[in-house]
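Enquirer: Under the working numbering, think of the first position of the sequence shown as 283, with each following residue one higher.
Take this structure, written in C-alpha cells, and hold onto it; I'll ask about it next.
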Amino acid sequence: QAHLVESGGGSVEAGQSLTLSCKAPRMITSTFNPATMAWYRQAPGKERELVATITGGRDTNYTDPVKGRFTIPRDNARKTVYLQMNSLKSDDTAVYYCNREDRELPWGQGTRVTVSS
C-alpha cells in the first residue's frame, strides 16, 4: 500500500476549478493529525515547488502565485488533505504531489493537472 495517494487531476480550461485529494493510508491517526501536510507541484522542465501547507492546527500558507485561488483543507478522520483550486491558469499546469512539509514520506505518483487557455 502506498504511503500517499493523490487523485482528482484532469484537463480543464482556464478559469475552471478542480479539487485534488491526498490520502495517507499508512500514517496512523496520532501521527497524521499533528503533521504539517503540504501540496507540491512540478511543471514540465521545472523543479518541484511547494504550493501550500496546512498545520495540525489548520494554519495555512500559500505560495504567492496561488494565493486567493487555492485552499488546502484537511479531514483528519479520513487522513486526507485536499487542494481546492479555483480560477485555474495555464501556469498551474503540473503534476501535483502531497507529502509532509518535511518531505519525510516516499512520494506518491502524483496527479496531473492540465489547464488550457
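From the three backbone atoms N, C-alpha and C, an ideal C-beta is built for every residue, glycine too.
(1) Since Thr313 is in the alpha helix (DSSP H), which residue starts that stretch and which ends it?
(2) May I have the straight-line CA-CA distance separating Pro347 from Arg360, to the nearest angstrom?
(3) Based on Cα-Cα distance, which residue from Val395, Thr393, Trp321 and Val294 lies nearest to Glu383?
(4) Could you please give me the residues that DSSP links to Leu302 through a beta bridge?
(5) I'd like the span of the beta strand (DSSP E) that includes Asn358, first residue to last.
(6) For the beta strand (DSSP E) containing Arg323, list its first residue and its last residue.
(7) So, helix, strand or coil for Ser372, using DSSP?
(8) For Ile336, count the other beta carbons within 10 Å of its own beta carbon; 16 or more makes it buried, fewer makes it exposed. Which is it?
(9) Which residue's Cα is closest to the Cα of Glu329: Ser369, Arg351 and Ala376?
Expert: Looking at the coordinates:
(1) Counted from its first residue, the sequence shown places residue 313 at position 31. Thr311 to Phe314 is the extent of the alpha helix (DSSP H) around Thr313.
(2) Along the sequence shown, one-based indexing puts residue 347 at 65. Along the sequence shown, one-based indexing puts residue 360 at 78. Using only the alpha carbons, I get a separation of about 29 Å.
(3) In the sequence shown, counting from the first residue as 1, residue 383 sits at position 101. Glu383 has its Cα closest to that of Trp321, out of Val395, Thr393, Trp321 and Val294.
(4) Within the sequence shown, residue 302 is the residue found at index 20, counting from 1. Its beta-bridge partners are Leu365.
(5) Against the sequence shown, residue 358 aligns to sequence position 76. Counting along the chain, Asn358 falls outside any beta strand (DSSP E), and DSSP gives it neither H nor E.
(6) On the sequence shown, residue 323 is found 41 positions in, with the first residue counted as 1. Met319 to Gln324 is the extent of the beta strand (DSSP E) around Arg323.
(7) As a working note, residue 372 is residue 90 in the sequence shown. Looking at Ser372 - three-state DSSP - the assignment turns out to be helix.
(8) Indexing the sequence shown from 1 puts residue 336 at position 54. Buried is the call here.
(9) Counting from one through the sequence shown, the residue named residue 329 turns up at place 47. Among Ser369, Arg351 and Ala376, the Cα nearest to that of Glu329 is on Ala376.
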